[in-house]
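Report on the structure given below.
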Amino acid sequence: MKLATAALLLGFVMVAAGEEEEENDPCVYDNLPFEDTGLCKGLDVFYPEVGNVACMFIPDCNNFRHKIAYWMEPIVKFPRALEGATYTLMMVDPDAPSRSEPTKRYWRHWLVTDIKGNDIKKGNIQGQVLTCE
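Note that the numbering used here gives residue 406 to position 28 of the sequence shown, counting from 1, and the numbers run on in steps of one.
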């Protein structure tokens with residue numbers, strides 16, 4: 379069986395807001411710049427409070443950028459996955475806290491290896507989990 383590995387990069391901008399945010403701030407969902415979307419195209423990343431944020435910045439509203447640090451891992455689906463392939467899911471922040479000052483770049487939030495293609499298609503992320511805990 380041919381082993382295929384795909385690294386899925388999710389860049390979350392996790393910048394603390396300067397002011398206290400209210401719970402019902404209007405949310406503006408911004409897409410990642412086109413040049414950054416190659417590795418997340420076709421991917422679904424779902425957080426219950428925010429929705430599908432694949433290839434998007436976490437909205438700067440309702441204190442989501444702070445809350446995301448405490449939520450459980452998102453539901454991740456890759457409908458284009460090949461059933462006989464094996465995948466690696468890597469959730470990182472490649473330029474934290476910002477592009478202009480990436481002092482904590484390449485922060486790894488979640489790494490799962492050996493995910494079967496038919497599992498990642500369904501959002502069933504099972505494999506070898508490596509976390510920073």
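We treat Cβ as the ideally placed atom computed from N, Cα and C, and that holds for glycine.
N-terminal and C-terminal residue of the alpha helix (DSSP H) that residue i is part of
{"i": "Lys455", "result": "No alpha helix (DSSP H) holds Lys455; the beta strand (DSSP E) holding it covers 453-455."}
{"i": "Asp497", "result": "495-500"}
{"i": "Arg458", "result": "Run containing Arg458: none; DSSP gives neither H nor E here."}
{"i": "Phe435", "result": "Phe435 -> no alpha helix (DSSP H), and no H or E assigned at all."}
Proximity winner among the options, relative to residue i (alpha-carbon distances)
{"i": "His444", "options": "Lys500, Glu427, Ala459, Lys455", "result": "Glu427"}
{"i": "Glu461", "options": "Phe412, Asn409, Ile493, Gly420", "result": "Ile493"}
Whether residue i touches residue j by CB criterion (7 Å)
{"i": "Ile498", "j": "Ala459", "result": "yes"}
{"i": "Val490", "j": "Gly505", "result": "yes"}
{"i": "Leu508", "j": "Phe456", "result": "no"}
{"i": "Gly495", "j": "Ala447", "result": "no"}
{"i": "Cys433", "j": "Leu467", "result": "no"}
Min CB distance residue i to chain C below 7 Å
{"i": "Gln506", "result": "Checking the listed chains, one finds no chain C in this structure; it contains a single protein chain."}
Cut-off 7 Å between Cβ atoms - residues of its own chain near residue i, not counting five sequence neighbours on either side
{"i": "Glu400", "result": "Low local confidence applies: a pLDDT of 49 at Glu400 is under 50, so the model's placement there is unreliable, with the coordinate-based value given in what follows. Same-chain partners within the cutoff: there are none."}
{"i": "Glu451", "result": "Trp488"}
Residues that residue i bridges to, as DSSP identifies them
{"i": "Phe412", "result": "According to DSSP, Phe412 bridges with nothing at all."}
{"i": "Phe424", "result": "Asn430, Ile453"}
{"i": "Gln506", "result": "Thr491"}
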